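Below you'll find the structure, written out as structure tokens, and then a few comments.
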Amino acid sequence: MQRKAKVIDANIVLRFLLNDDPEKAERCSALLQRVESGDEKVFLPDLVIADIVWTLEKFYRQPKARIRELLLPLISLRGMRLSSKSVARNALKWYVEKKHRLDGCFCCR
């Protein structure tokens, strides 16, 4: 019987990327390693991706290109499930190149 993917929220990705709480970052890293290997499947909703982007851009003042650079490898992980990986990749591309907000880029399929 195949297990359903767990839904992950922005905090898991942010703790991993920022390493601002080493204990939590280590646990998040372990989870994402299992996702990378395909041993675990997780679902990352579009809205959560938008939340991650907003937090990195507005709160942590990360440039858009850097945010895309951080997120593209994560959405490509073997066990990472999204509504559509190609739509997410294009949304991140348009977010950087066209200077749009990410939530609007998800609507432009």
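Just so we're aligned, residue 1 is where the sequence shown starts under UniProt numbering, counting upward by one.
The beta-carbon is built from N, C-alpha and C at its ideal position, and this holds for glycine as well.
Fair warning: this is a prediction, and the values are worked out from it, not measured in the lab.
Going by DSSP, name the residue or residues bridged to R81.
F43
R101 to W54 span [Cα, whole Å]
9 Å
C-alpha distance - A5 paired with P63, whole-angstrom precision
31 Å
Return the first residue and the last residue of the alpha helix (DSSP H) that P63 is part of.
Element bounds for P63: n/a, residue is neither H nor E.
Let me check you understand the geometry: is the CB of L18 closer than 8 Å to at least one non-hydrogen atom of the ligand MN?
This structure lacks the ligand MN, and indeed carries no ligand of any kind.
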